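Per this note's numbering, the very first residue in the sequence shown carries number 309; after that it's consecutive.
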Amino acid sequence: MQVRDEVHDVSAEERGVIDQERPATEGIAGELQERFGPDILAWQETRDDMPTLWVAPDAFRDVLRHLKTGISQPYRTLYDLTAVDERSRQHRAGLPEADFTVVYTLRSYERNADLRLKVGLEGEYPMVPTITDIWPAANWYEREAWDMFGITFEGHPNLRRILMPPGWKGHPLRKEHPARATEMGPFQMTEEKKEAELELLQFEPEEWGLERRGLEGEFMFVNMGPQHPGTHGVLRVILQLDGEEILNAVPDIGFHHRGAEKMGERQTWHTYLPYTDRVDYLSGVVNNLAYLTTLERLAGIDVPDRARVIRVMLTELYRIANHLVWYGTFAQDVGQLSPVFYMFSDRERIFDIAEAITGGRMHPSWFRIGGVAADLPHGWEELVRDFLDSMPARLREYDKLVMDNAIFKGRTVGIGRYTLDEAMEWGATGPGLRACGLAWDLRKMRPYSGYDQFEFEIPTATNGDSYDRAVVRVEEMRQSLRIIRQCVEQMPPGPYKSLHPLATPPLKPRTMHDIETLIHHFLSVSWGPVIPAGESMVPTEASKGDNGYYLISDGSDQSYRTRIRTPSFAHMQMIPLMANGFQVADLIAILGSLDFVLSDVDR
């Protein structure tokens, strides 16, 4: 069955209302149409059922500001901002004319709803006004859209490269940009190029709106990183200091950028799965689930109950594995050397379980479209139960060792604090949001993969500081153990993979009966499924916060646009908010409390 997006233009006669017979026009879409009339060009029906509206370029700022401040239960969070190169897209019937589209995704926690606005732009290198004065979090997102697509955001305070090197030529997510290094010719680093690149890396405070001198003398500017052990990877933070006090911090990311989104548009749908493991490389199959949840919604594939429970069990095991790495290294960052060794030993036990079930450890790439790669092996239950029985006592021991430690508290309590309003303003999600007191977890609020069938609590704290972010993650491990135990005790029978034709090729015995079935089997195995034209994004609760893949299919075996909304990118932009006014040593504690990896930031 061919399923594709439907887009409905609004004619002059229909401007007072958008097709009242369609359910998508109810709620916020109807409110916007009533207020802005002809500025709402069209609404688009998508596979994720997220209200999606096309807005006139000269009116979209007014619409966005109204959504943030002019309505009850406002959309206070800019959840994502990205772009699409529309020039090669084939399935565009009914879409407003555009060479490029800027896509704004907003979130209202009061409504428990997201909203997608699109602005169509024409021209080879189009321009659109900035929204950094509406959401300061738009700063990095607009820089990324310019870096990747060449879209200029007029009025942006510092529109420059963010993921690519300063001297990079071209914009990688444009369709004409090569997807492989072999298409670009051999790389040569001449002495002239080396000098030019080094010159571009020089930090000029004035370009960032920073002053060199204060009332009592010159400020000091210090590079922390990109090889500092406290940055957990190749991250550079330029610090403006008055003595030991941080006056401002400028994160410099992109050292770890590998083009994960470009690879998503180069690979077929199923061969891209192993790449997702490497986005947040500490979370294993958690990345698989984020990608597949959106892809299966896009393709209309229902996952069998047994496969869903297996996925949840493995996902929660890897959530604990991720948190154990964070727990040990966070303690190490503030001076405790022993905990990381104990916690990595527990992580190895999780990897032993994963290896027995999947054959892989850190990057199993074991989930598949429509289910998992194989059924659970003999003896899996005993391995998991042994871990469940022993881990609670280990966590209690770590409470005494770390969380109750006076030095650990002294280094983290009150450090890097932000309020709930600031968390929403800057797009904080996951434990960083729940540490401010908001009991928000996508597994509860918008259940996916059968999470609504499990009993667990949403841990929260109140102060939003480095210590409270730790409190939430520690309790999350206990809740994950609850979920895993329910998976073991209630594992349903049945198939481990959907028999949907886009998920599973024809059964092998049938391929011997007719040539059409044999061809279908061959193409499904070698090229993978052809996903119907459409678009979808289903956010998931990953280890570090909200993770979502925004996927657009143009009716082929490859993604037309793969956008990865990672939690670490939004959190990294908050470093100046958390660090300003504190000491240099406090920044190490703040970074540790964020639980980020640079591959999740840079992609």
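All C-beta atoms, glycine included, are put in the ideal place defined by N, C-alpha and C.
Just so you know, these numbers come straight off a predicted model, no measurement behind them.
So, using beta-carbon positions, are ARG482 and ASP388 closer together than 8 Å?
As a working note, residue 482 is residue 174 in the sequence shown. As a working note, residue 388 is residue 80 in the sequence shown. The answer is no: Cβ separation not under 8 Å.
When we look at the beta-carbon of PHE877 and count the other beta-carbons within 10 Å, is it buried (16 or more) or exposed?
Position 569 of the sequence shown, counted from the start, is the residue given in the question as residue 877. Buried is the call here.
Same chain only: Cβ atoms within 6 Å of GLN794, ignoring 5 sequence neighbours per side
The residue labelled residue 794 in the question sits at position 486 within the sequence shown. Same-chain partners within the cutoff: PHE762.
From LYS477, PRO437, ARG469 and ALA568, residue whose alpha carbon lies closest to that of ARG871:
Along the sequence shown, read from residue 1 onward, the residue named residue 871 stands at position 563. Per the Cα distances, ALA568.
Tell me whether the beta-carbon of ASP455 lies closer than 8 Å to the beta-carbon of MET472.
Position 147 of the sequence shown holds residue 455. Position 164 of the sequence shown holds residue 472. Yes, Cβ-Cβ distance for ASP455 and MET472 is below 8 Å.
Paired residues, beta bridge with MET528 - DSSP
Your numbering for residue 528 matches position 220 in the sequence shown. For MET528, which the question treats as bridged, DSSP gives the partners LEU549.
Could you check the C-alpha separation between GLU430 and ARG395 for me, to the nearest Å?
Position 122 of the sequence shown, counting from 1, holds the residue named residue 430. Position 87 of the sequence shown, counting from 1, holds the residue named residue 395. GLU430 and ARG395: Cα-Cα distance of roughly 10 Å.
Which same chain residues, not among the five before or five after LEU631, have their C-beta less than 6 Å away from its C-beta?
Here residue 631 is taken as the residue at index 323 of the sequence shown, counted from 1. Reading off the sequence, residue 631 comes out as His, not Leu. Around HIS631: ARG781 and MET785.
Candidates LEU859, ASP773, ARG397 and ARG818: closest to ILE883 by CA position:
Position 575 of the sequence shown, counted from the start, is the residue given in the question as residue 883. Measuring from the Cα of ILE883, the nearest candidate turns out to be ASP773.
Between the stretch 738-749 and the stretch 659-669, are three or more C-beta pairs nearer than 8 Å?
no
Nonlocal neighbours in the same chain, by C-beta distance under 7 Å from PRO249, ignoring five residues either side
Residue 249 lies beyond the stretch modelled for the chain, which goes from 309 to 911, so this question has no answer here.
Cβ-Cβ separation, GLU733 to TRP443 (assumed contact under 8 Å), whole Å:
The count along the sequence shown starts at 1 and reaches residue 443 at position 135. The count along the sequence shown starts at 1 and reaches residue 733 at position 425. Contact flag correct, Cβ pair sits at about 7 Å.
Taking the alpha helix (DSSP H) that TYR726 falls in, what are its first and last residues?
Position 418 of the sequence shown holds residue 726. First-last for TYR726: undefined, no H or E at that position.
Buried or exposed for ASN855, going by 16 or more other Cβ atoms inside 10 Å?
Looking up residue 855 in the sequence shown gives position 547. Buried, since its Cβ has 16 or more Cβ neighbours within 10 Å.
Name the two residues that bound the continuous beta strand (DSSP E) containing GLN535.
Here residue 535 corresponds to residue number 227 of the sequence shown, with the count starting at 1. Taken as a continuous stretch (DSSP letters only), GLN535 belongs to no beta strand (DSSP E), as it is neither H nor E.
Between the CA atoms of VAL710 and ARG809 - distance to the nearest angstrom:
Your numbering for residue 809 matches position 501 in the sequence shown. Your numbering for residue 710 matches position 402 in the sequence shown. Reading off the sequence, residue 809 comes out as Pro, not Arg. Going from the Cα of PRO809 to the Cα of VAL710 covers about 51 Å.
Residue closest to ARG873, alpha-carbon to alpha-carbon, out of TYR433, PRO537, GLU353 and GLU452
By one-based count along the sequence shown, residue 873 stands at place 565. Measuring from the Cα of ARG873, the nearest candidate turns out to be GLU452.
Would you mind reading off the limits of the alpha helix (DSSP H) that contains LEU789?
Taking the first residue of the sequence shown as 1, we reach residue 789 at position 481. Taken as a continuous stretch (DSSP letters only), the alpha helix (DSSP H) holding LEU789 covers 774-797.
Just the C-alpha distance for GLU484 and ASP712, rounded to the nearest angstrom, thanks.
Working through the sequence shown from its first residue, we reach residue 484 at position 176. Working through the sequence shown from its first residue, we reach residue 712 at position 404. Rounded to the nearest angstrom, the two C-alpha atoms are 56 Å apart.
Under the assumption that VAL410 contacts ILE459 (Cβ atoms under 8 Å), give the Cβ distance between them as a whole number of angstroms.
By one-based count along the sequence shown, residue 410 stands at place 102. By one-based count along the sequence shown, residue 459 stands at place 151. Contact flag correct, Cβ pair sits at about 7 Å.
DSSP-derived helix/strand/coil call for SER861
If you number the sequence shown from 1, residue 861 lands on position 553. The answer is strand: DSSP assigns SER861 an E or B state.
Measure from the alpha carbon of GLY724 to the alpha carbon of each residue in ASP894, THR737 and THR602, then state which is nearest.
In the sequence shown, residue 724 corresponds to position 416, counting from 1. Of ASP894, THR737 and THR602, the residue nearest in Cα terms is ASP894.
Nonlocal neighbours in the same chain, by C-beta distance under 7 Å from SER757, ignoring five residues either side
Against the sequence shown, residue 757 aligns to sequence position 449. Once the five neighbours on either side are set aside, the close Cβ partners of SER757 are LEU597, THR601, ARG616, ARG619 and VAL620.
For VAL392: DSSP bridge partner residues:
Here the question's residue 392 lines up with position 84 in the sequence shown. In the DSSP output, where bridge partners are listed per residue, VAL392 has THR409.
Are there three or more Cβ pairs, one per stretch, closer than 8 Å when the stretch 671-687 is compared with the stretch 803-817?
yes
Just confirm the distance between the C-beta atoms of ALA778 and PHE638, as a whole number of angstroms; I'd bet it's less than 8 Å.
Reading the sequence shown from its first residue, position 470 is the one you call residue 778. Reading the sequence shown from its first residue, position 330 is the one you call residue 638. ALA778 to PHE638, Cβ: 7 Å. Contact.
Using 8 Å as the threshold, is the C-beta distance between PRO755 and PRO612 below it?
As a first step, residue 755 is located in the sequence shown; it is residue number 447 there, counting from the start. As a first step, residue 612 is located in the sequence shown; it is residue number 304 there, counting from the start. Not a contact, by the Cβ cut-off of 8 Å.
For GLN891, I'd like the list of residues in its chain whose CB is within less than 6 Å of its CB, leaving aside the five on either flank, ordered along the chain.
Locating residue 891 in the sequence shown gives position 583, counting from the first residue. Excluding positions up to five away in sequence, the list reads GLU552.
Contacts around GLY428, its chain only, beta-carbon distance under 6 Å, and the 5 residues preceding and following it disregarded
By 1-based counting over the sequence shown, the position of residue 428 is 120. PRO404, ALA406 and THR409, listed in sequence order.
Quick check on DSSP: helix, strand or coil for GLU843?
The count along the sequence shown starts at 1 and reaches residue 843 at position 535. DSSP places GLU843 in strand when its eight states are reduced to three.
Rounded to whole angstroms, what's the CA-CA distance from PHE368 to LEU885? Just pull it up for me.
Within the sequence shown, the letter at position 60 stands for residue 368. Within the sequence shown, the letter at position 577 stands for residue 885. Distance between the alpha carbons of PHE368 and LEU885: 28 Å.
Neighbourhood of ALA332 by C-beta, 7 Å cutoff - its chain only, sequence neighbours within 5 removed
Here the question's residue 332 lines up with position 24 in the sequence shown. Note on ALA332: pLDDT 42, under 50, position unreliable in the model; the coordinate value appears next. These residues qualify, in order along the chain: TRP351, GLU353 and PRO359.
Given that a residue counts as buried once 16 or more other Cβ atoms are within 10 Å of its Cβ, and exposed if not, what is ILE792?
Counted from its first residue, the sequence shown places residue 792 at position 484. It counts as buried.
Own chain, CB closer than 7 Å to TRP932, minus 5 neighbours either side, in chain order:
Outside the displayed range of the chain (309 to 911) lies residue 932, so it cannot be described from this structure.
Are LEU581 and SER861 touching if we call contact CB-CB under 8 Å?
Translated into positions along the sequence shown, residue 581 becomes position 273. Translated into positions along the sequence shown, residue 861 becomes position 553. In this structure, SER861 does not lie closer than 8 Å to LEU581 by Cβ.
Three-state secondary structure (DSSP) of TYR580
Taking the first residue of the sequence shown as 1, we reach residue 580 at position 272. It is coil, neither helix nor strand.
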